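Novice: Would you mind keeping the following structure in view while I ask a few things?
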Amino acid sequence: MRNPLLRHATVCVALAVVLVLLTYVFDAFTDYKIAGVAIFFIAAAGLTVLTGVNGQLSLGHGALMAIGAYTTSLLLKEQPQLPMILPLLAAIVSTGVAGAVIGVAAARLRGPYLAGATLALAVGLPQVAVHYGSVFGGNQGLPVPVPTPPSALGGDFPNERWLAWIAIAAALITLFLLANLVSGATGARLRAVADDEAAASLAGINVARIQVLAFVVSAACAGLAGSLFAYWVGLTAPSGFGLSVSLQLLSAIVIGGLGSLSGAVLGSFLVVMAPFTISDLAGNLNLSSDVANNLPLALYGVVLIVTMLAFPRGIQGALFSLWRLAKRNLRRPQAPTVSTTA
Amino acid sequence: MTPVEAHTEGNGAAPAAAGAPMLELRSIDVNYGRVRALRGVSLTVNEGEIVALIGSNGAGKTTTLRTISGLNRPSRGEVRLRGVPIHQLGAERIARMGVAHAPEGRRLFPRMTVRENLEMGAYARTDRAGVRESFERVFTLFPRLKERTSQLAGSLSGGEQQMVAIGRAYMSNPQILLLDEPSLGLAPILVDTIFEVIREINARGGTILLIEQNALLALKTASRGYVLETGNIALSGPAQDLLTSPDVQRAYLGM
Ligand SMILES: Nc1ncnc2c1ncn2[C@@H]1O[C@H](COP(=O)(O)OP(=O)(O)OP(=O)(O)O)[C@@H](O)[C@H]1O
Ligand SMILES: [Mg+2]
Chain A
265 MRNPLLRHAT VCVALAVVLV LLTYVFDAFT DYKIAGVAIF FIAAAGLTVL TGVNGQLSLG
325 HGALMAIGAY TTSLLLKEQP QLPMILPLLA AIVSTGVAGA VIGVAAARLR GPYLAGATLA
385 LAVGLPQVAV HYGSVFGGNQ GLPVPVPTPP SALGGDFPNE RWLAWIAIAA ALITLFLLAN
445 LVSGATGARL RAVADDEAAA SLAGINVARI QVLAFVVSAA CAGLAGSLFA YWVGLTAPSG
505 FGLSVSLQLL SAIVIGGLGS LSGAVLGSFL VVMAPFTISD LAGNLNLSSD VANNLPLALY
565 GVVLIVTMLA FPRGIQGALF SLWRLAKRNL RRPQAPTVST TA
Chain B
6 MTPVEAHTEG NGAAPAAAGA PMLELRSIDV NYGRVRALRG VSLTVNEGEI VALIGSNGAG
66 KTTTLRTISG LNRPSRGEVR LRGVPIHQLG AERIARMGVA HAPEGRRLFP RMTVRENLEM
126 GAYARTDRAG VRESFERVFT LFPRLKERTS QLAGSLSGGE QQMVAIGRAY MSNPQILLLD
186 EPSLGLAPIL VDTIFEVIRE INARGGTILL IEQNALLALK TASRGYVLET GNIALSGPAQ
246 DLLTSPDVQR AYLGM
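If you read the protein sequences in the order shown, they are chains A and B.
If you number the first sequence the way the numbering used here does, the last residue is 606 and the count never jumps.
If you number the second sequence the way the numbering used here does, the last residue is 260 and the count never jumps.
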C-alpha cells in the first residue's frame, strides 16, 4: 500500500482484531499481562520518538509517567465516579504541559547535560510525592479504583479483559498517531535535527521548536501510560515510578531497535514479560526472593549488552536482516549459502 | 589607481557591479569567547556574481559564512540581504529568505538517503513543480547522484558527499549560494567537475560566495575576490587583478 495513512490504519485495525480475540483465548492473568505490555509500550513508543528518532536522551520518563498517574489519582480522589476517559485525557494534558516546560529547558541542554537534568527529574519528582504526603498520599500512595466493564458485556466479563481492551485501544491509537508522525514531514524534521542540528537549521528547520515538540509528544505518551499504569496497579505510589522505570523504558527501545516503533513493541513485550517469566522460573528453582527480585534487572543488563554487540539495530533490525536474507534465498534457491550482508 | 586596493575599514572596493548588491557585510566583528575571529569585515556580493573569499587556515573564512547564514552572531556590524538586515535572525529564518549554505565538512544527514537529503534542502519550499524541476537540475548537474538516490548519505564517497551538499543547497532555489571549500579533499578530476557545476549555476544567474584555500582555482572562477588575513580583509578587487598581484602570488599562489 503506497498511502502510509491507510497502511498504518490497516495494521492497527488488524492488530486490534487479533489482540481482542487473544484476550478471549487467554486466562484473566494473561490478559492482565497483555494490558501491562500495551501500557508500557505507550511510554516506550513516546520515548522512541524523543530518543530514537529525535536524538534527545531522557532518563526521566518514569517521572513523566508519575505526573500522569498522580493527575489521574488526584482527580479520582475528588471525583471517584469520573468516566475513565476524563482522567486519561487530563493525564495527557498535564504531562504534555510538563513536557513542554522540560522541553524548553532541554532544547538548551546537550548530551550529558540533558541526561543529567532528566536523571535529576527521575530521582527528584517521586520525592515530591513523599514530601507533600497530605496531598499525594506519601509512600503509601493513592488508591485507584478498578475499572469495571460496562454491563452490556455481561455479568461475568472479567475486569482484566476489560482493562486489556482499554490498554490495547490506547496503545494502538498511540501507535497509529506516532507512525504517521514519524513517517511524515515532521518525522523528517525530527531525524534531521537528530543527525545534525546546524545542517537542519540551514535547511530552514527551527531546531528548538522541533525539540520541544518531540518532548511534548513523548511526555503526553508517558502521561497516558502513567494514567493507565495507575489503573493497572490500582495504586499510585512513588515506588512505582523510580529510576528503574526510566531505565526499563530505555532498555525496551534499545533492545527492540532504537528509533523503530515496531522495535518498541518487541522491546516492551520482553521487558514486561521477563519479570513474570523469571519469577515463575525462580519459583520452580526455589531461588531466594533476594535473587529472584534482582534477577530481571541483571538480565536486562545482560540482554542489553548482548543486543548492542550482536544486533546494533536491535531485534527489529535483526529480524529485518533475517527477512531480507530469507527472501533472497527463497528467490534464488541455488544461491550459495554464504551471504554478503553488511 | 592601483588595480588592487588595500582594504580600509568599512569601505570595500567598488568594482563594476554585475547587478544590485545581493549581500552586504558591513564592519562585522565576530568573537569566540575572548578570541576575535573577524575584525571589521566588509564585503559585497552583487547579483549574478561569483565572489571568492580566500585566505589561509584560521583566517576566518568559515566564520564569515557562518555569520552570514546565522550560525554565528556578530558582536558588531550588519549583514544585509537585498538591503534587509538579517544579522539578528535565526539560521532557519535566513535560510528561508534564500541564503543557502553548503557548510564546511558537508554536514549531510548520514541516516537519510541521497534523495531525502536533497528533499531537506527544498524543505521550506511550497512550489512542488519548482522542486521537481530542481531535482532534475541537480541530477543533470551531478548525474552520479541519480544512480545513488536511495543510498544512505553516510555511505557515499567524499566527492559524492560534496555533490549532495551542493545539490542540497541548490535545492532551496536560493538567492545566494555560500560554498565552504567545495574542493577540500577531492581528487583533481572531481574538483574540475565541482567547479564546472559552480560555473554552470552561475551561468544560469546564480549568485555565489565561494570560500577556497585553492586560491588559483577560486580566483579563476570568480569575478571578484577578497583576501582574508587573521580576521581582516587585507585585499580585494577584480579576480583577474588579484591573480596578478605580487602579494597574492607570493602568499597564496606559491609563486
Ligand atoms: N567554535 C570555535 N571556538 C573558538 N574558536 C574558534 C571556533 N571556530 C573557529 N575558531 C577560531 O576562529 C578563527 C577563524 O576560524 P575559521 O574556521 O573561520 O577559519 P577558516 O578560515 O575557515 O580556516 P580553515 O581554512 O582552516 O577552514 C580561528 O583562529 C579558529 O581557531
Ligand atoms: Mg574553514
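Positions of the beta carbon are idealized from the N, C-alpha and C atoms, including for glycine.
Every value quoted in this text rests on a predicted model; they were computed, and no experiment measured them.
What residue range is occupied by the uninterrupted beta strand (DSSP E) comprising valine 408 (chain A)?
Specialist: To locate residue 408 (chain A), count along the first sequence from 1; it is residue 144. Note, valine 408 (chain A): premise wrong, no beta strand (DSSP E); not H, not E.
Novice: Cβ of asparagine 470 (chain A) less than 7 Å from any chain B Cβ?
Specialist: Reading the first sequence from its first residue, position 206 is the one you call residue 470 (chain A). Chain B contact via Cβ: present.
Novice: From this set, B:Leu183, B:Val202, B:Pro115 and B:Ala208, which residue's C-alpha is nearest serine 162 (chain B)'s C-alpha?
Specialist: Numbered from its first residue, the second sequence carries residue 162 (chain B) at position 157. Nearest option by C-alpha distance: B:Pro115.
Novice: Helix or strand or just coil, what does DSSP make of proline 26 (chain B)?
Specialist: Taking the first residue of the second sequence as position 1, residue 26 (chain B) is located at position 21. Correct three-state label for proline 26 (chain B): strand.
Novice: Using DSSP bridges, identify the partner residues of tyrosine 37 (chain B).
Specialist: Within the second sequence, numbered from 1, the residue matching residue 37 (chain B) stands at position 32. Bridge partners of tyrosine 37 (chain B): B:Val40.
Novice: Within its chain, find whatever has a CB closer than 8 Å to the CB of phenylalanine 440 (chain A); leave out the 5 residues flanking it on each side and keep chain order.
Specialist: By one-based count along the first sequence, residue 440 (chain A) stands at place 176. Result list for phenylalanine 440 (chain A): His272, Ala273 and Cys276, in chain order.
Novice: Could you name the residues whose beta carbon sits closer than 7 Å to any heavy atom belonging to ligand 2, keeping them in chain order?
Specialist: Cβ-based neighbours of ligand 2 within the cut-off: B:Lys66, B:Thr67, B:Glu109, B:Asp185, B:Glu186 and B:Ile216.
Novice: Using CA atoms only, rank isn't needed, just tell me which of A:Ser398, A:Ile298, A:Leu270 and A:Gly316 is closest to isoleucine 519 (chain A).
Specialist: By 1-based counting over the first sequence, the position of residue 519 (chain A) is 255. It is A:Gly316.
Novice: Determine the extent of the alpha helix (DSSP H) in which serine 482 (chain A) is found, giving its start and end residues.
Specialist: In the first sequence, residue 482 (chain A) corresponds to position 218, counting from 1. That run of the alpha helix (DSSP H) goes 471-497.
Novice: Using a Cβ-Cβ distance under 7 Å, would tyrosine 37 (chain B) count as near chain A?
Specialist: In the second sequence, the residue the question calls residue 37 (chain B) occupies position 32. So no, tyrosine 37 (chain B) is outside the interface.
Novice: Would you list, in chain order, the members of the stretch 447-471 of chain A that have their beta-carbon closer than 9 Å to a beta-carbon of chain B?
Specialist: Residues Ala449, Ala452, Arg453, Arg455, Ala456, Ala458, Asp459, Asp460, Ala462, Ala463, Ala464, Ser465, Leu466, Ala467, Gly468, Ile469, Asn470 and Val471.
Novice: With 7 Å set as the bound, which would you pick, yes or no: does the beta-carbon of arginine 101 (chain B) sit closer than that to a beta-carbon of chain A?
Specialist: For the purposes of this step, residue 101 (chain B) is taken as the residue at position 96 of the second sequence. Yes - at least one Cβ of chain A is within 7 Å of the one on arginine 101 (chain B).
Novice: List the residues of chain A that proline 108 (chain B) touches, going by C-beta distances under 8 Å, in chain order.
Specialist: In the second sequence, counting from the first residue as 1, residue 108 (chain B) sits at position 103. Residues of chain A passing the Cβ test: Ala462, Ala463 and Leu466.
Novice: Taking a contact to mean a Cβ-Cβ separation below 7 Å, would you say alanine 484 (chain A) touches threonine 336 (chain A) in this structure?
Specialist: In the first sequence, residue 484 (chain A) corresponds to position 220, counting from 1. In the first sequence, residue 336 (chain A) corresponds to position 72, counting from 1. No, the pair does not count as a contact, with Cβ atoms beyond the cut-off.
Novice: Taking the straight line between their C-alpha atoms, what separation do you get for serine 482 (chain A) and glycine 242 (chain B)?
Specialist: Here residue 482 (chain A) corresponds to residue number 218 of the first sequence, with the count starting at 1. Here residue 242 (chain B) corresponds to residue number 237 of the second sequence, with the count starting at 1. The straight-line gap from Cα to Cα measures roughly 55 Å.
Novice: Is any beta-carbon of chain A found at less than 7 Å from that of methionine 125 (chain B)?
Specialist: As a first step, residue 125 (chain B) is located in the second sequence; it is residue number 120 there, counting from the start. So yes, methionine 125 (chain B) belongs to the interface.
Novice: Can you give me, in chain order, the residues of the stretch 198-210 of chain B that have a beta carbon less than 8 Å from any beta carbon in chain A?
Specialist: Cβ contacts with chain A: none found.
Novice: Looking at ligand 1, does it come within less than 6 Å of glycine 24 (chain B), judged from the CB to the closest heavy atom?
Specialist: Mapped onto the second sequence, residue 24 (chain B) falls at position 19. No, ligand 1 has no heavy atom inside 6 Å of this Cβ.
Novice: I need the DSSP call for proline 560 (chain A), collapsed to helix, strand or coil.
Specialist: Residue mapping note: residue 560 (chain A) aligns to position 296 of the first sequence, counting from 1. In the structure shown, proline 560 (chain A) sits in a helix (DSSP, three-state: H, G or I).
Novice: Do you know how far the Cα of lysine 225 (chain B) is from the Cα of leucine 240 (chain B)?
Specialist: To locate residue 240 (chain B), count along the second sequence from 1; it is residue 235. To locate residue 225 (chain B), count along the second sequence from 1; it is residue 220. Cα to Cα, the separation comes out at about 16 Å.
Novice: Given the structure, does glycine 45 (chain B) come close to ligand 1, in the sense that its CB is under 6 Å from one of the ligand's heavy atoms?
Specialist: Stepping through the second sequence from its first residue, residue 45 (chain B) is reached at position 40. No - ligand 1 has no heavy atom lying nearer than 6 Å to the Cβ of glycine 45 (chain B).
Novice: Are the C-beta of phenylalanine 114 (chain B) and some C-beta of chain A separated by less than 7 Å?
Specialist: Within the second sequence, residue 114 (chain B) is the residue found at index 109, counting from 1. At least one chain A Cβ lies under 7 Å of phenylalanine 114 (chain B).
Novice: In its own chain, which residues sit with a C-beta less than 6 Å from the C-beta of alanine 393 (chain A), not counting the 5 before and 5 after it?
Specialist: Counting from 1 along the first sequence, the entry for residue 393 (chain A) is found at position 129. Excluding sequence neighbours, alanine 393 (chain A) sits near Phe400 and Pro502.
Novice: Would you check whether ligand 1 has a heavy atom nearer than 6 Å to the C-beta of valine 40 (chain B)?
Specialist: As a working note, residue 40 (chain B) is residue 35 in the second sequence. Valine 40 (chain B) Cβ: within cutoff of ligand 1.
Novice: Can you give me the Cβ contacts of alanine 107 (chain B) inside the same chain, cut-off strictly under 6 Å, excluding the 5 residues immediately before and after it?
Specialist: Along the second sequence, read from residue 1 onward, the residue named residue 107 (chain B) stands at position 102. Around alanine 107 (chain B): Ala170, Ile171, Ala174 and Leu184.
Novice: Would the stretch 96-112 of chain B count as touching the stretch 64-75 of chain B if we require 3 or more Cβ pairs under 8 Å?
Specialist: Counting Cβ pairs under 8 Å, three or more are found: they touch.
Novice: At which residues does the beta strand (DSSP E) containing glutamate 83 (chain B) begin and terminate?
Specialist: As a position in the second sequence, residue 83 (chain B) is number 78, starting the count at 1. Glutamate 83 (chain B) -> beta strand (DSSP E) spans 81-86.
Novice: Are any of the Cβ atoms in chain A nearer than 7 Å to that of leucine 76 (chain B)?
Specialist: Locating residue 76 (chain B) in the second sequence gives position 71, counting from the first residue. So yes, leucine 76 (chain B) belongs to the interface.
Novice: Can you look up asparagine 5 (chain B) in the DSSP assignment and give me helix, strand or coil?
Specialist: Residue 5 (chain B) is absent from the structure shown; chain B starts at 6 and stops at 260.
Novice: Using a Cβ-Cβ distance under 7 Å, would tyrosine 128 (chain B) count as near chain A?
Specialist: Locating residue 128 (chain B) in the second sequence gives position 123, where the first residue counts as 1. Yes, tyrosine 128 (chain B) lies at the interface with chain A (some Cβ there is under 7 Å from its Cβ).
Novice: Run through the DSSP bridge pairs and tell me what threonine 212 (chain B) is partnered with.
Specialist: The residue given as residue 212 (chain B) occupies position 207 in the second sequence. Answer is B:Ile181.
Novice: With DSSP collapsed to three states, give me the class of glycine 375 (chain A).
Specialist: Here residue 375 (chain A) corresponds to residue number 111 of the first sequence, with the count starting at 1. Reduced to three states, the DSSP call for glycine 375 (chain A) is helix.
Novice: Can valine 313 (chain A) and alanine 478 (chain A) be called in contact, C-beta distance under 7 Å?
Specialist: Working through the first sequence from its first residue, we reach residue 313 (chain A) at position 49. Working through the first sequence from its first residue, we reach residue 478 (chain A) at position 214. Closer than 7 Å, so yes.
Novice: Where does tyrosine 334 (chain A) fall in DSSP's three states?
Specialist: Here residue 334 (chain A) corresponds to residue number 70 of the first sequence, with the count starting at 1. Helix.
Novice: Tell me, please, whether the CB atom of alanine 96 (chain B) is closer than 7 Å to any CB atom in chain A?
Specialist: Stepping through the second sequence from its first residue, residue 96 (chain B) is reached at position 91. Closer than 7 Å: yes.
Novice: Output the distance between the C-alpha atoms of isoleucine 504 (chain A) and valine 104 (chain B), rounded to the nearest integer angstrom.
Specialist: As a first step, residue 504 (chain A) must be located in the first sequence, where it is residue number 240. As a first step, residue 104 (chain B) must be located in the second sequence, where it is residue number 99. Looking at the sequence itself, residue 504 (chain A) is glycine, so the reference to isoleucine does not match. C-alpha separation (whole angstroms): 51 Å.
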